[in-house]
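Peer 1: In my numbering, the protein residues as written are 376 to 542.
Ideal Cβ positions, reconstructed from N, Cα and C, are used throughout, including at glycine.
In this text the structure is predicted, and so the values were computed from the model without any measurement.
Have a look at this one.
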């Protein structure tokens, strides 16, 4: 079996400090490295479309919700960011003609966000590019391995999300 960066790091720790219980790095270190590789692959896939991952996330959150209208606060919650950060993202997307912001008929203080036709088309293309990038990174895993990894990660995330919700 070929060794990866994490294997070499674990071996170095075992040589340096045999008493150190570094085995969590076998999973955590690989998750962190994989996240970096995925970030790079996704950034490369979105660059030709002129989108950041953050802008992609807003467009496809809107698309998943049926294209709009959606309140910016709901988008911010879905993206796990502040309303101020969402306002900046929405401004960029509106300037590019990808979304519209309009007053809410039921609450004069609120705004509703919707995709434009151009925004919908770009969201579709961007999602295809991101899924292709994901596939290229995950290509070494067969379907059974992917299911096993997904199940293990879900187990961890459910526990963390439950803990986070209980704060």
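Indicate whether the contact test is met: 3 or more Cβ pairs, each with one atom in the segment 488-502 and one in the segment 435-449, closer than 8 Å.
Peer 2: Contact between the segment 488-502 and the segment 435-449 is present, because at least three Cβ pairs lie under 8 Å.
Peer 1: First and last residue of the beta strand (DSSP E) that includes residue 457?
Peer 2: Element bounds for residue 457: n/a, residue is neither H nor E.
Peer 1: Is residue 489 helix, strand or coil by DSSP?
Peer 2: Residue state, collapsed to three classes: strand.
Peer 1: What does a CB cutoff of less than 7 Å around residue 379 pick up in its chain, not counting 5 residues either side in sequence?
Peer 2: Cβ within range, chain order: n/a, list empty.
Peer 1: Helix, strand or coil for residue 397 per DSSP?
Peer 2: Here residue 397 sits in coil by DSSP.
Peer 1: Taking residue 402 as the reference, give the member of 527, 535 and 536 with the closest Cα.
Peer 2: Residue 527 is the option with its Cα nearest to residue 402.
Peer 1: Determine the direct distance from the alpha carbon of residue 418 to that of residue 505, and round the result to whole angstroms.
Peer 2: Distance between the alpha carbons of residue 505 and residue 418: 9 Å.
Peer 1: If I'm right that residue 524 touches residue 535 with Cβ under 8 Å, what's the distance once you round it to whole angstroms?
Peer 2: At roughly 17 Å, the Cβ-Cβ gap does not stay under 8 Å, so residue 524 and residue 535 are not in contact.
Peer 1: In terms of residue numbering, what span does the alpha helix (DSSP H) encompassing residue 429 cover?
Peer 2: Per DSSP, residue 429 belongs to the alpha helix (DSSP H) from 428-439.
Peer 1: How many angstroms separate the CA atom of residue 438 from the CA atom of residue 473?
Peer 2: Computed Cα separation, rounded: 12 Å.
Peer 1: Would you kindly report the start and end of the unbroken alpha helix (DSSP H) that includes residue 536?
Peer 2: First-last of the alpha helix (DSSP H) with residue 536: 518-540.
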